[in-house]
Amino acid sequence: MTDDHNNELDLVVCPECAAPAEVVDRFAVPSTHGPVEHVKVQCLGRHWFLLPVAALAPVRTVSPTVRTGPVR
23 MTDDHNNELD LVVCPECAAP AEVVDRFAVP STHGPVEHVK VQCLGRHWFL
73 LPVAALAPVR TVSPTVRTGP VR
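Each residue of the sequence shown is one higher than the last, beginning at 23 in the numbering used here.
In structure tokens:
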């Protein structure tokens with residue numbers, strides 16, 4: 023389920039080419055152990071996948087509020 027009021031990008035790693043990928047949809051698939059959250063992702067290389075959230079690797083990001091030293 024998506025939140026129309028949330029303007030943040032949900033970024034993950036493309037399972038095929040390791041490029042940054044955006045989560046474009048979220049939904050639950052029923053199973054015998056309860057619903058399993060799945061996502062549809064599309065990367066910069068135009069690959070797209072439907073897969074369980076547990077199979078995704080997040081993209082590492084840099085926080086602009088954490089200062090670790092001078093930027094060169």
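Quick reminder that beta carbons are idealized off the backbone N, C-alpha and C, glycines included.
Query	Result
Just tell me which of 60, 39 and 42 has its CA closest to the CA of residue 52.	60
Under three-state DSSP, which class holds residue 43?	strand
Can you list, in chain order, the residues of its chain with a C-beta nearer than 7 Å to that of residue 72? Leave out the 5 residues immediately preceding and following it.	60 and 62
Alpha carbon to alpha carbon, how far is residue 35 from residue 79? Give it in angstroms, no decimals.	6 Å
Rounding to the nearest angstrom, what Cα-Cα distance links residue 49 and residue 58 in this structure?	8 Å
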